[in-house]
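Asks: Residue numbers (the working numbering), protein chains in the order written: chain A, 4 to 402; chain B, 4 to 402; chain C, 4 to 402; chain D, 4 to 402.
The C-beta atom is built at its ideal place from N, Cα and C for all residues, glycine as well.
Protein chains: 4
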Amino acid sequence: MDNAPGRHHLFVPGPTNIPEQVIRAMNRNNEDYRAPAIPALTKTLLEDVKKIFKTSTGIPFLFPTTGTGAWESALTNTLSPGDRIVSFLIGQFSLLWIDQQQRLNFNVDVVESDWGQGANLDVLESKLASDRTHTIKAICIVHNETATGVTNNLAKVRKILDDYQHPALLIVDGVSSICALDFRMDEWGVDVAVTGSQKALSLPTGLGIVCAGPKAIEASKSAKSLRVFFDWNDYLKFYKLGTYWPYTPSIQLLYGLREALDLIFEEGLDNVILRHKRLGHATRLAVEAWGLKNCTQKEEWYSDTVTAVLVPPYIDAAEVVRRSWKRYNMSLGLGLNKVAGKVFRIGHLGNLNELQLLGCLAGVEMILNDVGYPVKLGSGVAAASAYFQNNIPMIPSRI
Amino acid sequence: MDNAPGRHHLFVPGPTNIPEQVIRAMNRNNEDYRAPAIPALTKTLLEDVKKIFKTSTGIPFLFPTTGTGAWESALTNTLSPGDRIVSFLIGQFSLLWIDQQQRLNFNVDVVESDWGQGANLDVLESKLASDRTHTIKAICIVHNETATGVTNNLAKVRKILDDYQHPALLIVDGVSSICALDFRMDEWGVDVAVTGSQKALSLPTGLGIVCAGPKAIEASKSAKSLRVFFDWNDYLKFYKLGTYWPYTPSIQLLYGLREALDLIFEEGLDNVILRHKRLGHATRLAVEAWGLKNCTQKEEWYSDTVTAVLVPPYIDAAEVVRRSWKRYNMSLGLGLNKVAGKVFRIGHLGNLNELQLLGCLAGVEMILNDVGYPVKLGSGVAAASAYFQNNIPMIPSRI
Amino acid sequence: MDNAPGRHHLFVPGPTNIPEQVIRAMNRNNEDYRAPAIPALTKTLLEDVKKIFKTSTGIPFLFPTTGTGAWESALTNTLSPGDRIVSFLIGQFSLLWIDQQQRLNFNVDVVESDWGQGANLDVLESKLASDRTHTIKAICIVHNETATGVTNNLAKVRKILDDYQHPALLIVDGVSSICALDFRMDEWGVDVAVTGSQKALSLPTGLGIVCAGPKAIEASKSAKSLRVFFDWNDYLKFYKLGTYWPYTPSIQLLYGLREALDLIFEEGLDNVILRHKRLGHATRLAVEAWGLKNCTQKEEWYSDTVTAVLVPPYIDAAEVVRRSWKRYNMSLGLGLNKVAGKVFRIGHLGNLNELQLLGCLAGVEMILNDVGYPVKLGSGVAAASAYFQNNIPMIPSRI
Amino acid sequence: MDNAPGRHHLFVPGPTNIPEQVIRAMNRNNEDYRAPAIPALTKTLLEDVKKIFKTSTGIPFLFPTTGTGAWESALTNTLSPGDRIVSFLIGQFSLLWIDQQQRLNFNVDVVESDWGQGANLDVLESKLASDRTHTIKAICIVHNETATGVTNNLAKVRKILDDYQHPALLIVDGVSSICALDFRMDEWGVDVAVTGSQKALSLPTGLGIVCAGPKAIEASKSAKSLRVFFDWNDYLKFYKLGTYWPYTPSIQLLYGLREALDLIFEEGLDNVILRHKRLGHATRLAVEAWGLKNCTQKEEWYSDTVTAVLVPPYIDAAEVVRRSWKRYNMSLGLGLNKVAGKVFRIGHLGNLNELQLLGCLAGVEMILNDVGYPVKLGSGVAAASAYFQNNIPMIPSRI
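(1) In chain B, which residues lie less than 8 angstroms from E34/D when you measure between Cβ atoms?
(2) Does the Cβ-Cβ distance between K57/A and E190/A come in under 8 angstroms?
(3) Going along the chain, which unbroken runs of the alpha helix (DSSP H) with 4 or more residues stay wholly within the stretch 209-236 of chain D?
(4) Please classify D51/A: does DSSP put it in a helix, a strand, or coil?
(5) Give the interface partners of R27/C over in chain A, defined as CB-CB distance under 8 angstroms, in chain order.
(6) Could you tell me the alpha carbon to alpha carbon distance between I55/C and T136/C, rounded to whole angstroms?
(7) If I measure Cβ to Cβ from Y258/C and keep anything under 8 angstroms in the same chain, skipping five residues before and after, which residues do I get?
(8) Please report whether the beta-carbon of T69/B lies at a distance below 8 angstroms from any beta-carbon of chain A.
(9) How long is the line joining the alpha carbons of V314/B and E269/D, rounded to whole angstroms?
(10) Short of 8 angstroms in beta carbon distance, which residues of its chain neighbour D35/D, apart from the five on each side in sequence? Order them along the chain.
(11) Could you check what DSSP says for N393/A in three-state terms: helix, strand or coil?
(12) When you compare each of V346/D, V89/D, R187/D to Y317/D by their alpha carbons, which one comes out closest?
(13) Check each candidate in S180/C, R187/C, D134/C and name the one with the smallest Cα separation from K159/C.
(14) For R230/C, which residues of its own chain have a beta-carbon under 8 angstroms away from its beta-carbon, when the five flanking residues on both sides are left out?
(15) Report the rounded CA-to-CA distance for D51/B versus D117/B, giving the unit in angstroms.
(16) Given a cut-off of 8 angstroms, decide if T308/B and P18/B are closer than it, judged by their beta-carbon atoms.
(17) Given that V231/B touches chain A, what residues does it touch there, using C-beta distances under 7 angstroms?
(18) Beta-carbon separation of F233/B and F66/B under 8 angstroms?
(19) Which word fits Q168/C, buried or exposed, when buried means at least 16 other C-beta atoms lie within 10 angstroms of its C-beta?
(20) Taking only runs of the alpha helix (DSSP H) that begin and end inside the stretch 106-153 of chain A, which ones reach a length of at least 4 residues, in chain order?
(21) To which residues of the same chain is G2/B closer than 7 angstroms at the C-beta, ignoring the five residues directly before and after it?
(22) Is the number of C-beta pairs between the stretch 203-221 of chain C and the stretch 119-138 of chain C that are closer than 8 angstroms three or more?
(23) How would you write the range of the beta strand (DSSP E) that A196/D sits in, first residue to last?
(24) So, are the CB atoms of S179/C and L256/C less than 8 angstroms apart?
(25) Just to confirm the assignment, what range does the alpha helix (DSSP H) spanning L173/C have?
(26) Using a Cβ cut-off of 9 angstroms, pull out every chain B residue sitting near I395/C, in sequence order please.
(27) Which residue's Cα is closest to the Cα of N340/B: L92/B, G216/B, L295/B, W328/B?
(28) Closest to G366/D by C-alpha separation, out of I276/D, C214/D, R330/D, S90/D, would be which residue?
(29) Cβ of L282/B within 8 angstroms of Cβ of L360/B?
(30) Distance, Cα to Cα, V145/A vs T68/B?
(31) Can you list, in chain order, the residues of its chain whose CB lies under 6 angstroms from that of S410/B, leaving out five sequence neighbours each side?
(32) Do you know offhand how far T251/C's Cα is from N354/A's?
(33) Are the beta-carbon atoms of I254/A and N6/A separated by less than 8 angstroms?
(34) Spatial neighbours of R161/B within its chain, please: CB distance less than 7 angstroms, with the 5 preceding and 5 following residues excluded, ordered by chain position.
(35) Buried or exposed: where does L157/C fall if 16 or more other Cβ atoms within 10 Å of its Cβ makes it buried?
(36) Could you give the residue range of the alpha helix (DSSP H) that holds G283/A?
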């Protein structure tokens, strides 16, 4: 329908590029999910998926849903209608989550920041300080705001909670962070974390992965929010039976997840995170070389999975994205809502390597010129390459 | 892991066999769902999916979920907590749906039948007759109960509703019927119908397809049940925008659905239904030839998508299923709950042809002998073949 | 183009059904065949492919060609123009090979049998007996004649050669035998054996596999037949270099062969052969039950990979094949040349299991009735099933 | 085995990158090649493949072989042992072809040039001038020498032949040219042209495509070289029968070729050629920017499918290739034979786009620095991008 020569260059912050190995693993017929093979496979997945959350005490749930569904599962299993939650609005995805929280009848205490800034943790601190009676039941925070390329400091959130010995649950949207950014569920005392298969795991959309720590599991026993499809309890019941699935899973995604995890463990999760650091850093160097600003206002919030690039007012950032698709066979991310037209986004997460990114950056240089922003061709690529050349490791399997 | 020579024989009533053409269509990388290709594709899907519901006025929603999620979406978008609904308990799947209805705080008026019987429509009639004030807000009925192989008469349900001019919504679980059995949304005045991709559509699990008629859409405007992920309104908003997706769909499933629908339309939906009639009838002839009883107690309820076969008391039906898998590389369906151990199930829905079924029936004959029920080998196959030989049409594309 | 519902039933004696695992393994982009991964892979293939020939001293060559090319390679590397060879004409494929031998300017001493009989080894014996000066340079024999379903007795050929201490090379077409029938290169003193990927190995067409024993390798040093593409010497040169390939191989077939061999070794080569014995025996029982004759005239020649079924004179066997395709979505083999119209063939080799075959047999019963030969439906299936039920082993990976 | 993150960057001059659409089309089980679907498919392929040769009078043969086999087919079908042929040695692939010509017992009149130069057509002219008795039976020429990136001027060869009214056959190796470079079989009076599936057609290896003009077909009737597997006559016989295949083709490659041709025609063959012009030109601009020399000595010979880059004497070009694979997940081409260690090669043919090439060029810049040749990072990319930005067309399907 929309054929174009060569590989499509997919640089949106999700869905991401699926490795050929995973595409292969998913290329299969359906199977009976009640036959012995699927529970046996599921058992390994549940065990191994904990590793990408860096948790040993958490319990993972592989919901056949998207990130939005995973959010809902995290909230409805742990909270009751009317519960007060503190939630940070810093971009389109935190906005959507807050919208969900409000529609689910929670009492949402929204802490807003400029889009391009991280969560305002000073406000969190003051709110906790004044919440002696522990009316705040949960802190909801997006680890990495995909719309603006802002990564929040979760270790600090935990520290503040600890400083005030506040029992609120810490519920984290790790959709565009987990398995790409440094994330430590146990160490940071995250009570519920969620991610989606189509992001750093580099799978198709379809798995909303929720990981619940012991405090969250405990909370789920008294949480009064209605839930059926998203209820952890149905899963826990089937976990005990050893059949694992209250309803039909996607056979293909289970085998795909197996392969995706195998590839991640073969590379080494920490090496995966380092690779994203390289990709993120190199992208920012290119943006700087082009004389453009990062939508993210401070270095401490820089995201290693997505970079939102601010264009000058006389340029329509949406035109950058359109032109990319129409002329260069590349998908970039649009600016959303408040930053629509003002930023375009380069997603650099998932199964991606340095030369792929350099091809993208070379493309962005031409596009910027196309749309009227003069860029010295090769300048961004040069800046990124200089960094890469000093930092790319040898491929272990090929030494 | 569980390799065995040759093709696996998949005869559970879902997930079903995926045609090679659909596996091929899904063998692809992710794409940006905000680029023009995906909305363009989605537009054709929404238009064409209505045809399998036989509706021109319904609005379909392709939820990234399972049948269980589709149920929830049908209920929460049209009803308010405390609403009275009449629901028929005739087997495991209607039981699970009723459980969901109760947990979602509806006031469920359960009409129970023996497992193996259809919905008791006399009771429905009397309930409607006495409901002059229209306290009943919805009738929830499973078109085809997958656990017992029972097909309910929806035309009759509609007639009863009409006879009493009762305004209750008619909400139908068509998970194991739509696209395989005769189903007429508009003609039968079905207000909401749901199905799942992994059944008659012969796709992987992952699409919960909900189709809402005008009365249901109207009801959704005042329904007070909480819903976010499953909210139709978010979809309707994006339909208007022409971007279609409030959150990330599975790119692979969209292309797969396109191919699945193309295959169905090429065969002709009515021919697909006729093929299921042939498969169902032939299976029942075989069961009869073996001297076994159909779990379905009357012919009017016989299902053309799944046959639950009763075994004599001295046989464990679960052993039939286990042996099938361990020795014959075939998956049959277990008996569930009340009929566990008493029935095994042969799924004959989706992309399946007559010789595949005959291979299955030949296998079942050996298995029955294996487990101690003496069957004359070839007897069921002969009965089924005799019927097939008189009824299989020539393949149109090959004449 | 020629879509039909359900799985196609492929029962020609090649190309055969590819296991899903192998289709998956081949689902990949090209690679540089000079990069380290391909030689490393090739090394394992050359080592492991010897096992299916049951040779430790043979050297295998994986030619990018078909069986016809493999034949040519076997001949031109070991013989010189004008060399006398004894060759057995027993059906279409031995006929084609003899045609090749003649066109390659060998002096072919053709020993003809009725189609349906095996090679006349008495004639071989008398020829060897009278060949005191060893003018016969090679014996060329088809292990399994695919056109008539006749398996020759290679052990006996070796014995005759040994009895006369005759130094002629023993060159064997194992295209429809190796990896399905009992074949022992070293034990039987086979000097060159050839097979093709699309037969018992259950791969796509494209690999002509030639295995040369020490005597053949020695003969190749003085053989004067021209050859370039099919020259073993180019391969041997590259084997020494460790780069293995004188010209570009099919990357996909190499990975496919790896997976195919892994599956065969997992099942166990001897179990694979036993499975073919079961499939062949059951097919013959069905043919007998139908009151039809096997084209193969004596039991000693019965083939376990293909059965050629004789139809009565008033039936056109080609119509059986056509009807199979047009009505039942099944491919059967046509009768070829002398037996055209007189036989149809059921291929039962490669990655195939018992229930698949039973589906085929049930189909053949209907087809035979369709074309005017009255068969008691279920009779062949019953005969085959009775045998299967006593002989199918449990699937090892599932016990 | 040799996993590395992200897409592998395949920049050898064959096998080339297979488009996802073609991988998908090949993802299938075997089929009976005697059933109606395969001849019907083959008919369209034979008709359409002529278009990529730009011939209306030629007859194409799709041999299950490689380019080496296609060479052999071109020679043995048109020539007799001892025939005098003029052949140009300009690099490794012409050398290998000449080796084949000699081993096939032709009398090869080798016209050698420095590696990096094109065929010496002055010598051709003088040979033809003095060949009044027409002892020269064929001119064999490689259109594009893949080892050195040299494209010969076929129009001029034809002109010289015409000037002397010489009846010698013009036999062309178009392996790395046809479907990527300007090639006109009919207009240039090419009598036989050959190519391979794994080059510009972007398929797996396995089809050696030979196209024979009327004069070549005529010559084949008297040519005395032995051939069986590669004999055109067997094909012509089956073409007449309408069954097309004398022996089993690869079902997967036929469907793959169908899709590959569809993609090429959708893009437009002339646009495909223009795209290769862009890729070739941009690569040469980058090489120049790096201060390196093209192995090709004159602009008239520049190849648009492969660039052989000369490195300074103190650099080992093989190390460039090794490092590319080990650190950057990219495959470049080694220097072969006379130019081993002196050149590395960038293949830029097949299904490839501009951003892919820019990623490659950015990688080469780092590699060159890695191995001790100082390159200004971004310099080659800048030169290439500047050209691309002025020349890349909009993607027609997306405007």
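Replies: This is what the structure holds:
(1) By Cβ distance, chain B contributes nothing, its closest Cβ being about 11 angstroms from E34/D, past 8 angstroms.
(2) yes
(3) 217-223
(4) helix
(5) R27, A28, N30, R31
(6) 35 angstroms
(7) A28, M29, R31, L44
(8) yes
(9) 59 angstroms
(10) I41
(11) helix
(12) V346/D
(13) R187/C
(14) E75, S76, T79, N80
(15) 38 angstroms
(16) no
(17) E75, Q103, R106, L107
(18) yes
(19) exposed
(20) 124-133
(21) Summary: the structure shown does not reach residue 2/B, with chain B confined to residues 4 through 402, and so no result is reported for it.
(22) no
(23) 195-199
(24) no
(25) Where L173/C is concerned, there is no enclosing alpha helix (DSSP H), although the beta strand (DSSP E) it sits in stretches over 172-176.
(26) R330, Y331, M369
(27) L92/B
(28) R330/D
(29) yes
(30) 23 angstroms
(31) Here chain B comprises residues numbered 4 to 402, so residue 410/B is not present and cannot be evaluated.
(32) 29 angstroms
(33) no
(34) L173, W191, G192
(35) buried
(36) 272-292
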